[in-house]
Every structure is written in C-alpha cells, then in structure tokens.
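In what follows, a single structure is set out as structure tokens and then discussed.
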Amino acid sequence: IETGMSLLNHAVDKMGGDTPGLAFPLVLAWRAGVLRLTGNYERSIVESVRILEEMNAYATHSQEQLEILALLHKNIGVCHSMRERLDMAIQPLEQACQYYERAGDEIGAAVARMDLATNYMNMGRLTLAQTSFESVAPIWRQLEHRQNLALVLNNLGVLSHLKGKLVEGLEM
C-alpha cells in the first residue's frame, strides 16, 4: 500500500490541477481510497469531499464521471462506517449505488449495496439489510463469484437468526 500511495502522490505532483479531462480527479479519488485502506479515515473523507466539490463544475455526467462520483461516495460511506458513524454512512453509500447503476457498473453497484447492507445490519435495520443482500445474491450467482455470494448468503443466514427464524437461517 505504501508503494501505491507513493506512486499516486508522484502522479498527483506531476499532473497538477491543470490536467485536462478526468485523469486528475480519478488519481485523487484513488489516493483517497488508499488513505481509507491505511486507516486515515478523516483525511480520506476530507479529500473525497473536496474532489466531489470540484467535480460539481462538470455540467454533464459521462460514464467515467459517474464511476468517479460513485467511488468517492462509496469511499466516504465506508469511512463513516469504519468510524462507527453508521447514520452518516447511509446517504453516501446509497448515492454510490445510484451512481454505479447509472454508469452501468453492475459489479460496483453490487459491492456498494453489500457495504450498505452491512451498514444496515450493524444499525439493527434488519429488513433493509435483508432486502439489500437479497438484491445482490442473483448478481453474484450469475457471475459465479463464489466469495461474494458466500458473504451474502452467510449474512442472510445471520439476519434470519437475528430475526428468530432459525430454520430459515440454516437453509441459507
């Protein structure tokens, strides 16, 4: 991760804010994501919000812009979740799902929806968590992505158990 951050910082220094197009905001978004992965949640949120504010200058939303917006919102939401500010995580995670869906990124949307579902589960909003997990299970089945499908099915089983539906939980 340190090498990746060093390379991203080098790219930011070389590109500067005058780089045309979306390459610069994308590199900044990746750097904010690496900050999150290293546990620097507050700085990651600050950088993500700053990039979002700069991206508001774009009048239209191309697929690439939508992907960057989704990445930034997901990053903010996950950072709030990691800081146990679960209520503050909901809106950015929902926005991430919407941006990924608008961009046609089914996998990005499914991953963001799993983050949202986990957040709901940790908040005790079990019905919302279940609905969110159930919405992504068919995607992981279709893609034969066994790891994410296993995570979803496990969480659906845990939710059934938490709701007192033990037999249903065992069937997951």
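So the sequence shown is numbered by the working numbering: it starts at -5 and just counts up by one.
Every residue, glycine too, gets a C-beta built ideally from N, C-alpha and C.
First through last residue of the alpha helix (DSSP H) which encompasses residue i
| i | result |
| --- | --- |
| D99 | Per DSSP, D99 belongs to no alpha helix (DSSP H) and is neither H nor E. |
| R44 | 35 to 49 |
Short Cβ contact (8 Å threshold) for residue i with residue j
| i | j | result |
| --- | --- | --- |
| I133 | A104 | yes |
| L147 | A131 | yes |
| M108 | L153 | no |
| A64 | H74 | no |
| H67 | A51 | no |
Short CB-CB distance (under 8 Å) between residue i and chain B
| i | result |
| --- | --- |
| W134 | Although the question refers to chain B, the structure presented lacks it and comprises just one protein chain. |
CA nearest to the CA of residue i, picked from the options
| i | options | result |
| --- | --- | --- |
| I45 | Q57, L20, T125 | L20 |
| A97 | Y35, E36, S56 | S56 |
| T121 | R140, Q85, K159 | K159 |
| L156 | R119, E138, S126 | R119 |
For residue j and residue i, the rounded distance between their alpha carbons
| i | j | result |
| --- | --- | --- |
| R135 | L143 | 7 Å |
| E128 | G151 | 11 Å |
| N113 | D99 | 21 Å |
| G71 | Q85 | 7 Å |
| A23 | M9 | 14 Å |
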